[in-house]
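Chains E and B are the protein sequences, given in the same order. UniProt numbering applies: residue 1 is where the first sequence begins, and numbers increase by one. UniProt numbering applies: residue 1 is where the second sequence begins, and numbers increase by one. We put the CB at the ideal spot given by N, CA and C, even for glycine. For reference, the structure discussed in these notes is given below.
Number of protein chains: 2
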Amino acid sequence: MAGVTDLVTALLTPEKLFPAHWEVPAKLAEAMGYSLLAGGKRLRPLLVIAACEALGGSREAALPVAAAIEMVHTYSLIHDDLPAMDDDDYRRGRLTNHKVFGEATAILAGDALLTHAFYSVVQSSRAHGVPAERVLSIVEDLAEMAGPRGMVGGQTADMDGEQGLTDLDSLKYIHLHKTGDLIVFSLLAGGRIAGADERQLEALRRFGVNIGLAFQVQDDILDLVGDEGKLGKKTGSDVRQQKVTYPYFIGLEESRREVERLTGEAKDAVLDGGFSDASRLLEIAEYLMSRDH
Amino acid sequence: MAGVTDLVTALLTPEKLFPAHWEVPAKLAEAMGYSLLAGGKRLRPLLVIAACEALGGSREAALPVAAAIEMVHTYSLIHDDLPAMDDDDYRRGRLTNHKVFGEATAILAGDALLTHAFYSVVQSSRAHGVPAERVLSIVEDLAEMAGPRGMVGGQTADMDGEQGLTDLDSLKYIHLHKTGDLIVFSLLAGGRIAGADERQLEALRRFGVNIGLAFQVQDDILDLVGDEGKLGKKTGSDVRQQKVTYPYFIGLEESRREVERLTGEAKDAVLDGGFSDASRLLEIAEYLMSRDH
Numbered sequence: 001m002a003g004v005t006d007l008v009t010a011l012l013t014p015e016k017l018f019p020a021h022w023e024v025p026a027k028l029a030e031a032m033g034y035s036l037l038a039g040g041k042r043l044r045p046l047l048v049i050a051a052c053e054a055l056g057g058s059r060e061a062a063l064p065v066a067a068a069i070e071m072v073h074t075y076s077l078i079h080d081d082l083p084a085m086d087d088d089d090y091r092r093g094r095l096t097n098h099k100v101f102g103e104a105t106a107i108l109a110g111d112a113l114l115t116h117a118f119y120s121v122v123q124s125s126r127a128h129g130v131p132a133e134r135v136l137s138i139v140e141d142l143a144e145m146a147g148p149r150g151m152v153g154g155q156t157a158d159m160d161g162e163q164g165l166t167d168l169d170s171l172k173y174i175h176l177h178k179t180g181d182l183i184v185f186s187l188l189a190g191g192r193i194a195g196a197d198e199r200q201l202e203a204l205r206r207f208g209v210n211i212g213l214a215f216q217v218q219d220d221i222l223d224l225v226g227d228e229g230k231l232g233k234k235t236g237s238d239v240r241q242q243k244v245t246y247p248y249f250i251g252l253e254e255s256r257r258e259v260e261r262l263t264g265e266a267k268d269a270v271l272d273g274g275f276s277d278a279s280r281l282l283e284i285a286e287y288l289m290s291r292d293h
Numbered sequence: 001m002a003g004v005t006d007l008v009t010a011l012l013t014p015e016k017l018f019p020a021h022w023e024v025p026a027k028l029a030e031a032m033g034y035s036l037l038a039g040g041k042r043l044r045p046l047l048v049i050a051a052c053e054a055l056g057g058s059r060e061a062a063l064p065v066a067a068a069i070e071m072v073h074t075y076s077l078i079h080d081d082l083p084a085m086d087d088d089d090y091r092r093g094r095l096t097n098h099k100v101f102g103e104a105t106a107i108l109a110g111d112a113l114l115t116h117a118f119y120s121v122v123q124s125s126r127a128h129g130v131p132a133e134r135v136l137s138i139v140e141d142l143a144e145m146a147g148p149r150g151m152v153g154g155q156t157a158d159m160d161g162e163q164g165l166t167d168l169d170s171l172k173y174i175h176l177h178k179t180g181d182l183i184v185f186s187l188l189a190g191g192r193i194a195g196a197d198e199r200q201l202e203a204l205r206r207f208g209v210n211i212g213l214a215f216q217v218q219d220d221i222l223d224l225v226g227d228e229g230k231l232g233k234k235t236g237s238d239v240r241q242q243k244v245t246y247p248y249f250i251g252l253e254e255s256r257r258e259v260e261r262l263t264g265e266a267k268d269a270v271l272d273g274g275f276s277d278a279s280r281l282l283e284i285a286e287y288l289m290s291r292d293h
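In structure tokens form, the structure reads like this:
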């Protein structure tokens, strides 16, 4: 799927981000581009396209939504890194947005990315003729899953949890919303572009909830026993920051079994979904389970 | 129009904000509600409804969009007040959001309001049957006019301008985008809900650009010569903060004539627009010109 990563990245350059006639302050465009082009797995765009293609939909039509979800993900990282939040100076080995552009511009760049994501979603209709009714459902899903009931809700719970999170259910709530909801959104959006029916959407949702949680548990495991060279960051940060994790609650071995169980559930979901080609989705589930970084 | 203000305010209570089955962290809902219910003129919702009704559209169908634009306006105030931005402790005589809930929650409450505004826009279709194609155009307009080319662009230019803004054109750019774009959006959205044609949308845009700028110039004038009791804040803050304003560039008398000229342009626009009833829009233009707070 390296081709997909390049296609999405090409849409995220400051020149491609906006219609040519728009006047956008140079500093703002630069700050947005800096974080959009800071690398990363582009997992969410990959999921949009894989879901769309699994139902026989057009990759071209899915690209504006794939770019949009990466904008939302990037905005959330910029705001999370702010001094008032996690106060991080580095991300993936580069200075964080506010360290380069200042806090005010970082806040505004995040706001601009979130807003512009919705513009990008609409372009799947404008530029590629996806029916308005489907695109409106994508807008509604994005607002629900990135907003107060979704990602921002999960982030709020996570911030509060740092002052004493006590049970596995609270941790699961955070994982499901802080990262899980955008993963589910990506799959549903890809499905909607391709014209998925209710049964297929339900299968994509089940697939997403399970790989999303598996992804997080694997993250928790890698932070304990991963290879620092491959991860590109120090391990053990959860322990040092006294963050509760899956291994903290159920142990390392049980956590590994949980990743396998969740991945199995995810695979069952897509195999039952009635897709024209589920192979790419199955590959992604497999990759997420076995990844070492 | 007091009825409209109450109708919109009723939609902005924490209980009414979200579907009943949504789980939203209590602290986040409280922080969102605190700023949404902090008073204010509700000018933008008023414009949505006035434009919709001027074309014979249904007030009910316009309400979700009226609520949405107030969420966007409120998010922008919360983020503007942050220590990294304008660093304000009070707004309309109440403590600002971050002074009550902390910076992290204030950032997240702003993010949540912006995201949820798009959810609310979609409800004009879901709950009131506005055609998907029209609502998608409203989503597109909102993303353009609140985003990097619109309000956030204007805010970025304003922050930069504080380090030495030199000409009237730059000031006009800031006014047009930082506040003007949301006013234009409100009018276009009201028009779109009622099914406005291109000529009517163009008239609403011209009306909006002109009253938006008149509104700002009047703000500049009131900051110089207004009545502190009526304004509910100290005058002269622009001079103390060395902010450039219309009176700074063209003098007080010329600024007053500019407000009259812009208001006249706005009135001409709606009179030429072919609306079924332009009287409410004319009243608003008149009120904005003659307001003393």
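- Residue contact with chain B for E/S125: present (Cβ-Cβ distance below 8 Å to some residue of chain B).
- Our two residues, B/V184 and E/G161, have alpha carbons roughly 41 Å apart in a direct line.
- Look at B/K27: its C-beta is under 8 Å from a C-beta on chain E.
- For the pair E/A109 and E/F118, the CB atoms are not nearer than the 8 Å cut-off.
- At a cut-off of 8 Å between beta-carbon atoms, E/G264 makes no contact with chain B.
- Those residues of the region 112-142 of chain E placed with their C-beta closer than 9 Å to a C-beta in chain B are A112, L113, L114, T115, H116, A117, F118, Y119, S120, V121, V122, Q123, S125, R126, P131, A132, E133, R134, V135, L136, S137, V139, E140, L142, ordered along the chain.
- Put simply, the backbone Cα of B/D87 is about 44 Å away from that of B/D272.
- If the five residues before and after E/D227 are omitted, its C-beta is found closer than 7 Å to the C-beta atoms of D292, all from its own chain and listed in chain order.
- The beta-carbon of E/T156 is placed less than 8 Å from the nearest beta-carbon of chain B.
- In terms of Cβ geometry, E/G212 and E/A51 do not form a close pair [threshold 8 Å].
- Between B/A214 and B/L262, the gap from beta carbon to beta carbon is short of 8 Å.
- Using beta-carbon distances, B/M71 does not count as an interface residue toward chain E, since no partner is under 8 Å.
- One Cα belongs to E/A84, the other to E/T9, and the distance between them is close to 29 Å.
- Your pair B/G180 and E/H116 does not check out as a contact, with CB atoms roughly 19 Å apart and the cut at 8 Å.
- Here E/R91 is bridged, per DSSP, to E/R94.
- Sequence-distant partners of E/G229 (beyond 5 residues in either direction) whose C-beta falls short of 7 Å from its own C-beta are missing from its chain.
- Residue burial is scored here from C-beta neighbours: B/G236 has fewer than 16 other C-beta atoms within 10 angstroms and is therefore classed as exposed.
- Within chain E, not a single residue places a beta-carbon under 9 Å from that of B/T166; the smallest gap is close to 16 Å.
- If you check the CB distance, E/K172 and E/D158 do not come in under 8 Å.
- Counting along the chain, E/K27 sits inside the alpha helix (DSSP H) bounded by residues 26-36.
- Your pair E/L77 and B/G153 does not check out as a contact, with CB atoms roughly 22 Å apart and the cut at 8 Å.
- Rounded to the nearest whole angstrom, the CA to CA distance from B/G40 to B/D80 is 16 Å.
- If you draw a straight line from the Cα of E/R91 to the Cα of E/H98, it comes to about 11 Å.
- In the structure shown, E/H293 falls within a coil segment according to DSSP collapsed to helix, strand and coil.
- Listed along chain E, the residues sitting closer than 8 Å to B/R149 by beta-carbon distance are F18, W22, E23, V24.
- Sixteen is the threshold: when 16 or more other Cβ atoms of the shown chains lie within 10 Å of the Cβ of B/K267, as they do, the residue is buried.
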